[in-house]
Amino acid sequence: MVGENSKEAYSSGLANLATALTNWRDSSNGTRRGPQVRFPRFKGKRTGLSCRFTTGAFGITDDRRHVKLPRIGTVRTHESTRKLARHVERGTARIRSATVSHRSGRWFCSFSVEITRTDPAPARPGKVVGVDLGVKALVALSTGEVIPNPRLLDGALRELRRLRRQAARRTGPNRHTARTPSNRWRKTQGRIARLHARVANTRRDGLHKLTTRLVREFGTIVLEDLNVSGMLRNRCLARHVADVGMRELRRQICYKSVWGAARLVIADRWYPSSKTCSDCGAVKAKLPLRVRVYNCDECGLVLDRDLNAARNLVALVGEAAGSTSAASCAGTVNKPDGNPRQTHAVWAAGTATGRPGHGRANATPQGDGYRAERADVRSRLR
Ligand SMILES: [Zn+2]
Numbered sequence: 020m021v022g023e024n025s026k027e028a029y030s031s032g033l034a035n036l037a038t039a040l041t042n043w044r045d046s047s048n049g050t051r052r053g054p055q056v057r058f059p060r061f062k063g064k065r066t067g068l069s070c071r072f073t074t075g076a077f078g079i080t081d082d083r084r085h086v087k088l089p090r091i092g093t094v095r096t097h098e099s100t101r102k103l104a105r106h107v108e109r110g111t112a113r114i115r116s117a118t119v120s121h122r123s124g125r126w127f128c129s130f131s132v133e134i135t136r137t138d139p140a141p142a143r144p145g146k147v148v149g150v151d152l153g154v155k156a157l158v159a160l161s162t163g164e165v166i167p168n169p170r171l172l173d174g175a176l177r178e179l180r181r182l183r184r185q186a187a188r189r190t191g192p193n194r195h196t197a198r199t200p201s202n203r204w205r206k207t208q209g210r211i212a213r214l215h216a217r218v219a220n221t222r223r224d225g226l227h228k229l230t231t232r233l234v235r236e237f238g239t240i241v242l243e244d245l246n247v248s249g250m251l252r253n254r255c256l257a258r259h260v261a262d263v264g265m266r267e268l269r270r271q272i273c274y275k276s277v278w279g280a281a282r283l284v285i286a287d288r289w290y291p292s293s294k295t296c297s298d299c300g301a302v303k304a305k306l307p308l309r310v311r312v313y314n315c316d317e318c319g320l321v322l323d324r325d326l327n328a329a330r331n332l333v334a335l336v337g338e339a340a341g342s343t344s345a346a347s348c349a350g351t352v353n354k355p356d357g358n359p360r361q362t363h364a365v366w367a368a369g370t371a372t373g374r375p376g377h378g379r380a381n382a383t384p385q386g387d388g389y390r391a392e393r394a395d396v397r398s399r400l401r
């Protein structure tokens with residue numbers, strides 16, 4: 020009831036709608052960059068509850084175990100708020116807003132924070148690493164290290180199948196007959212959602228650990244510009260490609276490289292990193308995905324397919340680093356379709372929200388490690 024709720028519950032919903040409408044209008048005008056933004060969708064009470072607090076008394080408590088929220092009061096958190104608390108105590112962070120949201124059966128509180136980060140510079144600044152993304156191996160590094168694909172979704176599929184079968188036997192909603200779902204059906208849906216969330220969380224955790232390690236260690240990271248949305252359209256590959264989280268991996272490296280002042284180089288989409296011999300430079304016309312070992316016809320090199328690709332990516336930067344203008348660097352010519360190939364040396368430009376910007380559009384080298392960033396620090400509520 021009004022009076023019992025925070026006024027922010029209403030105003031944040033309307034503010035979100037206003038932003039969505041502005042984005043839609045600017046996008047249709049052509050004044051907004053990026054993909055076309057469509058008219059905002061209706062957000063009912065079942066599409067995920069969330070509320071953003073910008074005024075009133077909110078924040079973290081001194082015991083680092085609770086968050087304060089207006090109207091709601093003090094709530095115990097499942098995770099410790101230690102990291103954010105230390106920043107606040109030191110005066111390097113200022114909490115601007117708190118968002119409470121409900122997702123897959125759990126309540127979250129995220130803080131939007133203005134923060135001064137001091138990320139360590141890469142341990143080996145002169146070292147270049149090529150990162151080949153794949154499905155067989157999650158990542159193959161040019162150093163010879165191969166990180167296997169954990170195939171998290173595959174591991175959960177058995178349980179997922181069981182739960183979906185269970186849901187199918189229970190009374191779900193029917194729009195035509197206006198039948199409301201049974202409580203038992205809702206319960207099963209909740210279990211399915213929790214299982215999906217668990218898979219997604221585990222995946223994100225693994226990617227964060229991997230990308231942080233890469234950025235902390237190597238001065239230059241070379242990635243491929245993969246057409247992930249194209250790969251997701253292939254129905255034989257889609258589930259496995261999605262299970263890897265390739266786009267998320269690139270997104271994380273993109274913004275973390277800015278924080279740690281590492282250089283990120285994105286190889287052109289048409290660069291045949293897998294088909295090229297990393298030893299003599301010969302390019303094969305075809306190399307099916309099932310061929311796991313690269314076998315060079317010219318020099319007789321025998322090397323793991325992904326490792327070969329990763330080494331090619333490193334070689335690309337060796338050439339790019341020598342040139343003064345890092346904007347473009349031509350590799351070898353792609354014979355089959357003759358596409359002109361470019362390599363973008365990207366100082367991924369982060370935005371105020373900590374999200375990676377259009378890296379190739381404007382290069383902003385950040386020399387010092389001190390930067391004001393807004394980052395979302397999320398703590399799970401109990
Ligand atoms: Zn060769």
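Add 19 to a position in the sequence shown, counting from 1, and you land on the number used in this note's numbering. The C-beta atom is built at its ideal place from N, Cα and C for all residues, glycine as well.
Span of the alpha helix (DSSP H) around residue i
i, result
"residue 273", "265 to 278"
"residue 228", "202 to 236"
"residue 29", "27 to 48"
"residue 188", "171 to 188"
"residue 248", "247 to 251"
Reference residue i, options the options, closest by Cα
i, options, result
"residue 315", "127, 326, 331, 298", "298"
"residue 219", "194, 170, 37, 252", "170"
"residue 134", "337, 36, 112, 64", "112"
"residue 60", "37, 129, 272", "37"
"residue 105", "40, 116, 81", "81"
"residue 83", "124, 93, 74, 29", "93"
"residue 147", "116, 293, 163", "163"
"residue 300", "193, 317, 137", "317"
"residue 96", "125, 209, 168", "125"
"residue 138", "324, 290, 279, 337", "279"
"residue 18", "193, 229, 276", "The chain is shown from 20 up to 401; residue 18 falls before or after that span and cannot be answered."
Whole-Å CB distance - residue i paired with residue j, under 8 Å assumed
i, j, result
"residue 247", "residue 332", "Residue 247 to residue 332, Cβ: 17 Å. No contact."
"residue 72", "residue 120", "With 8 Å as the limit, residue 72 and residue 120 do not qualify as a contact, their Cβ atoms being about 12 Å apart."
"residue 233", "residue 150", "7 Å"
"residue 130", "residue 117", "5 Å"
"residue 204", "residue 225", "Between residue 225 and residue 204 the Cβ distance is about 32 Å, and since that is not below 8 Å, they are no contact."
First and last residue of the uninterrupted beta strand (DSSP E) at residue i
i, result
"residue 147", "143 to 152"
"residue 106", "Careful: residue 106 lies outside any beta strand (DSSP E), inside the alpha helix (DSSP H) at 101 to 109."
"residue 125", "125 to 137"
"residue 198", "From DSSP, residue 198 is part of no beta strand (DSSP E); its letter is neither H nor E."
"residue 313", "312 to 314"
"residue 70", "69 to 72"
"residue 87", "85 to 88"
"residue 322", "321 to 323"
"residue 97", "Note, residue 97: premise wrong, no beta strand (DSSP E); not H, not E."
"residue 118", "112 to 122"
"residue 282", "282 to 286"
"residue 167", "165 to 167"
"residue 159", "156 to 160"
heavy atom of ligand 1 below 8 Å from residue i C-beta
i, result
"residue 306", "no"
"residue 299", "yes"
"residue 174", "no"
"residue 402", "A query on residue 402 cannot be resolved here, the shown segment of the chain reaching from 20 to 401 and no further."
"residue 160", "no"
"residue 268", "no"
"residue 164", "no"
"residue 320", "yes"
"residue 317", "yes"
"residue 273", "no"
"residue 255", "no"
"residue 296", "yes"
Under 9 Å between C-beta atoms of residue i and residue j
i, j, result
"residue 141", "residue 235", "yes"
"residue 122", "residue 237", "no"
"residue 329", "residue 160", "yes"
"residue 175", "residue 207", "no"
"residue 69", "residue 55", "no"
"residue 309", "residue 243", "no"
"residue 172", "residue 132", "no"
"residue 265", "residue 245", "yes"
"residue 79", "residue 85", "yes"
"residue 214", "residue 179", "yes"
"residue 107", "residue 326", "no"
"residue 217", "residue 267", "no"
"residue 183", "residue 201", "no"
"residue 305", "residue 295", "no"
"residue 87", "residue 76", "yes"
"residue 260", "residue 253", "yes"
"residue 320", "residue 290", "no"
"residue 293", "residue 258", "no"
"residue 74", "residue 27", "yes"
"residue 239", "residue 275", "no"
"residue 43", "residue 57", "yes"
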